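Student: Numbering (the working numbering), first residue to last: 220 to 693. Before I ask anything, let me first share the structure, which is written out below as structure tokens.
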Ligand SMILES: [Zn+2]
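Set out below in structure tokens:
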């Protein structure tokens, strides 16, 4: 393939030849060879393919086939009730996603439970996931379907011996009971390709060899178009040594072991330290979910104790006050953040997060200034899988309502792009470049960089290539 008059490196107009999955030549002018497809770029920017460095493929695919139960689509109890009632006509399981306590206006005294769902949709088994991903709420029909009763021995919450329908931190139990239903990834993968995404890191903590096999087969079927770096639990340790693709391309590789820290129930410190050492001994880095200050303190302490390794990373780093940021740098950790949350959740943060922590929310510039490798991601389905909107938020730091969160943390458009263009296995390191010999993971825009940099949120790539293959064309 020959791409004519494309802009690379934010300004050079060149012809780019792609052959055998790689960039085979770049020059001011290249002659088309017979049989070669020619694409006229018309000065459009040709960028490295984007990488979403933190998302959850299976949940994302499932959520796109699910009922929205929270903001922005559903904001009030009445809206949620009406939306559930409208589902009474069909049967079988109903899966709701994105619930947030603001919908029911919950207080500490009362949260959504089986009885609330029963009032609006008693006839079908319903399960609704909280936006944070750690809580499922099932109605009574769903509990019956799963054989769960007040007297049962299962991980569901009980208050005074009665089931509330709430299940915390136990996706695995639910999945086992429901039977493993693997969602089709084609729709999600095509969507990501349409945004220019050529690689993703799946950060689900309980990924195992079963998920590795499923994703590999989805790639082989052509259903999953992106490269994948797969985080997961210790059961993936032995898989780390699997041979790479014959051409040395990433395709599907094992990533860090994921540690899911959760402030109300932090794991035993000594155990985590031992597990970090175990991951390192198995040749894997460690990645820590840290959305609160306490979780970050815990993770940093454990890494200090166990020792750090190249590739160790902090996911989210949602609250990073200066002294902890210094520690992140001193330990050589990378940070994988979600700038899109500033837009999507910023209005809530401004109301709910303690004033003292507000300046430290989803920091960007401070990490770069400190020399901490910083990468971007969506955390989809908990954030929207829209990398360009996330870049826009990294530049503007504006919420949906237009309010500013941490103006000092704003990035330039080029810095925002770089969050999404580093290799999957080196988030926050130097971005990939469009250069001869590089794997042809590319994304062609409809206009030059100078034009699009002012409105990154509006970017719609024309063409996306993974290893030289077209995975999206507008
Ligand atoms: Zn996540």
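Note that CB positions come from ideal geometry on N, CA and C, so glycine has one too. Only a predicted model underlies this, so the values are computations on that prediction, with no experimental measurement involved.
Is residue 655 buried or exposed, if buried means 16 or more other CB atoms sit within 10 Å of its CB?
Tutor: By the neighbour-count rule (16 or more Cβ atoms within 10 Å), residue 655 is not buried but exposed.
Student: Only counting runs of 3 or more residues, tell me where the beta strand (DSSP E) segments fall wholly within the segment 489-525, in order along the chain.
Tutor: 505-509
Student: Where do the N-terminal and C-terminal ends of the alpha helix (DSSP H) with residue 561 fall, by residue?
Tutor: 559-571
Student: Within a Cβ cutoff of 6 Å, which residues of the same chain sit near residue 193, ignoring the five residues on either side of it in sequence?
Tutor: Because the chain is modelled from 220 through 693, residue 193 falls outside the range shown and cannot be assessed.
Student: Would DSSP call residue 364 helix, strand or coil?
Tutor: helix
Student: Quick check on the DSSP output: the beta strand (DSSP E) that includes residue 586 runs from which residue to which?
Tutor: That residue, residue 586, is in no beta strand (DSSP E); its alpha helix (DSSP H) goes 584-588.
Student: Given 6 Å as the limit, tell me if residue 598 has its C-beta closer than that to any heavy atom belonging to ligand 1.
Tutor: Distances between the C-beta of residue 598 and the heavy atoms of ligand 1 include at least one below 6 Å.
Student: Helix, strand or coil for residue 555, going by three-state DSSP, please let me know.
Tutor: strand
Student: Would you call the segment 587-598 and the segment 551-558 touching, i.e. three or more CB-CB distances under 8 Å?
Tutor: yes
Student: Name the residue from 634, 612, 603 whose alpha carbon lies nearest to the alpha carbon of residue 283.
Tutor: 603
Student: Could you pull the DSSP bridge partners for residue 349 from this structure?
Tutor: Bridge pairing for residue 349: 318 [DSSP].
Student: Counting beta carbon pairs with one atom in the segment 295-310 and one in the segment 340-349, are three or more of them shorter than 8 Å?
Tutor: yes
Student: For residue 646, does the three-state DSSP call read helix, strand or coil?
Tutor: coil
Student: If you reduce the DSSP assignment to three classes, tell me which class residue 534 lands in.
Tutor: Strand, per DSSP.
Student: Give me, in chain order, the residues of the same chain whose beta-carbon lies closer than 7 Å to that of residue 362; leave out the 5 immediate sequence neighbours on both sides.
Tutor: 333, 382, 384
Student: From residue 448 to residue 651, what distance separates their C-alpha atoms?
Tutor: 16 Å
Student: Please classify residue 488 as buried or exposed, where buried requires at least 16 neighbouring CB atoms within 10 angstroms.
Tutor: exposed
Student: State the Cα-Cα distance for the pair residue 231 and residue 457, rounded to the nearest angstrom.
Tutor: 45 Å
Student: Going by C-alpha to C-alpha distance, which of 691, 687, 693 sits closest to residue 239?
Tutor: 687
Student: In the DSSP assignment, find the beta strand (DSSP E) that holds residue 227 and state where it starts and stops.
Tutor: 221-227
Student: Once you ignore the five residues that flank residue 241 on each side, which residues in its own chain have a CB closer than 7 Å to its CB?
Tutor: Beyond the five residues adjoining it in sequence on each side, residue 241 comes within less than 7 Å, by CB distance, of 656, 657, 658, 659, 687 in the same chain, given in chain order.
Student: Tell me the rounded alpha-carbon separation between residue 390 and residue 605.
Tutor: 25 Å
Student: Residues in the same chain with beta-carbon distance under 6 Å from residue 317, minus the five sequence neighbours each way, listed in chain order, please.
Tutor: 287, 288, 289, 350
Student: Decide yes or no for the touch test of the segment 611-626 against the segment 567-579: beta carbon pairs closer than 8 Å, at least 3 of them.
Tutor: yes
Student: Quick check: is any heavy atom of ligand 1 less than 6 Å from the C-beta of residue 422?
Tutor: yes
Student: With H, G and I counted as helix, E and B as strand and the rest as coil, what does DSSP make of residue 662?
Tutor: Assigned with DSSP and collapsed to three states, residue 662 falls in strand.
Student: Rounded to a whole number of angstroms, what is the C-alpha to C-alpha distance between residue 682 and residue 380?
Tutor: In this structure, the CA atom of residue 682 is about 57 Å from the CA atom of residue 380.
Student: Nearest by alpha-carbon distance to residue 498: which of 526, 607, 677 is it?
Tutor: When 526, 607, 677 are compared, the shortest CA-CA separation from residue 498 is found for 526.
Student: Here's a check: name, in chain order, each residue in its chain whose Cβ is nearer than 6 Å to the Cβ of residue 356, leaving out the five neighbours to either side.
Tutor: Answer for residue 356: 331, 347, 384, 385, listed in chain order.
Student: Quick one: Cα of residue 328 to Cα of residue 377, how far?
Tutor: Only weak support is given to the placement of residue 328: the predicted model assigns it a pLDDT of 48, under 50, and the value that follows is read from those uncertain coordinates. Distance between the alpha carbons of residue 328 and residue 377 is about 15 Å.
Student: Mapping the DSSP letters down to three states, classify residue 546 as helix, strand or coil.
Tutor: helix
Student: Kindly indicate the opening and closing residues of the alpha helix (DSSP H) around residue 300.
Tutor: 296-304
Student: Output needed for residue 551: all residues of its chain with C-beta closer than 6 Å, excluding positions within five of it in sequence on either side, in chain order.
Tutor: The residues are 527.
Student: Spatial neighbours of residue 233 within its chain, please: C-beta separation below 7 Å, excluding the five flanking residues on both sides.
Tutor: So the list reads 225, 227, 245, 246, 247, once near-sequence residues are dropped.
Student: Please report the straight-line C-alpha distance between residue 614 and residue 635, rounded to a whole angstrom.
Tutor: 7 Å
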